[in-house]
Amino acid sequence: MNLVFQAEGLSVGEGAFLLACCNHTDAKGYVIASMQQLADEAHMKMTAAKANKQRLIQRGLLASKERYSPKNRARIADLYRVNLELLASMKRARTDYGPTLVEELTFAAPQETPSSDPPSESDPTPRRNPTPPRRNPTPPPSESDGTGGADSDPLLPPSSSPSSLPPVTADAEGASGTATDGGEREAAAPEATGADAVVDAYVQALGRPLLNGSRERLRAQAEQLLAAGYPVGWLAERAAEMPANGWRDLVQHAEKTRVPIPGQAGPAAGDGERCPEHPRRYRVGCIDCAMAVPG
-2 MNLVFQAEGL SVGEGAFLLA CCNHTDAKGY VIASMQQLAD EAHMKMTAAK
48 ANKQRLIQRG LLASKERYSP KNRARIADLY RVNLELLASM KRARTDYGPT
98 LVEELTFAAP QETPSSDPPS ESDPTPRRNP TPPRRNPTPP PSESDGTGGA
148 DSDPLLPPSS SPSSLPPVTA DAEGASGTAT DGGEREAAAP EATGADAVVD
198 AYVQALGRPL LNGSRERLRA QAEQLLAAGY PVGWLAERAA EMPANGWRDL
248 VQHAEKTRVP IPGQAGPAAG DGERCPEHPR RYRVGCIDCA MAVPG
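Mapping to our numbering: the sequence shown position 67 is 64, numbers consecutive.
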């Protein structure tokens, strides 16, 4: 290839085709390469490559021979040979190109493209404390009414005092109950608490484990309800009702359910003072007067 660079009298096309040939020559100048390969390496179309090849053959700088397979006589890559002696004789006279100076040049580093867009920031959900347990003004409906005491109303849109925590989303629970892409699995708490009992009741009714994020949200809801005075056993029963009905917010379910809380369902058996404004109810069972008159 250095002989081609130093040769004088070659056209641009001839020099490019000779460089492609010399890229495959051995010590005697033989070249084994297809015509398409030489055209690609010379950066020219096939017609231009064939024209430059013929000019080099006419000038005695290149020889070629068509070859066929001895088995089926199919056309195979031609054999070429570069006339290294003639090419060396075309070496131009030594020329002084003037002094030079070695300096360093650098290239600007390409800017890294982030693999994904940064997550958009959203306003945090306002946190509000759950409302205290409701006192049921009437006894629970009997079975003769056709409605069981354990039934709950469908969850309504958030009221003036919505729950303080986001609901446990179905996406977080996972469609198959397994974490994908290295998601964290739920971890057992070092010490079981009342909130853990509520979460365990939900998991048992769901039939599959929860991811850590969903479990912590449900546990936080249970802790706030326990702090507001709800009994552990009663909350566990309400949590067990949620998966079958598609409910995901324990606070809303606890506030809207008709199931009475133990000790707050109505008057105890025996004599008791009745409310003067509501003769049919005991004072402890009436929300309107229980707040005004000590029971």
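Quick reminder that beta carbons are idealized off the backbone N, C-alpha and C, glycines included.
The model shown is predicted, which means the values in this text are computed figures rather than measured ones.
Under the criterion of beta carbons closer than 8 angstroms, A219 and L232 qualify as touching, at roughly 6 angstroms. Looking at the DSSP output, L0 bridges to nothing. When only Cα atoms are considered, P228 and E109 end up about 56 angstroms apart. Considering only R56, R78, T103, the residue with the shortest C-alpha distance to G26 is R78. Going by DSSP, L83 is part of the alpha helix (DSSP H) stretching over 81 to 86.
Rounded to whole angstroms, the gap between the alpha carbons of G57 and H21 is 19 angstroms. The Cβ atoms of A236 and L247 sit closer than 8 angstroms to each other. Boundaries of the beta strand (DSSP E) around E63: 59 to 65. Exposed is the label assigned to S66, since fewer than 16 other Cβ atoms lie within 10 Å of its Cβ.
The distance from the Cβ of L0 to that of A17 is about 14 angstroms, inconsistent with a contact at the 8 angstroms cut-off. In the three-state reduction of the DSSP assignment, L76 falls in the strand class. As computed with DSSP, I29 is found in a beta bridge with L76.
Listed in chain order, the non-local C-beta contacts of A60 below 6 angstroms within the same chain comprise R78, local neighbours out to five positions each way being set aside.
In the structure shown, F14 adopts helical secondary structure according to DSSP, grouped into three states. Per DSSP, the unbroken alpha helix (DSSP H) holding T44 starts and ends at 43 to 55. Secondary structure note for R212: its alpha helix (DSSP H) is the uninterrupted segment 209 to 224. For H40, the number of other beta carbons within 10 angstroms of its own is below 16, and it is reported as exposed.
Within the same chain, D75, L76 come within 7 angstroms of K62 by CB-CB distance, once the 5 residues on both sides are set aside. Secondary structure of Q201 (DSSP, three-state): helix. CA-to-CA, the gap between Q33 and M43 works out to about 7 angstroms.
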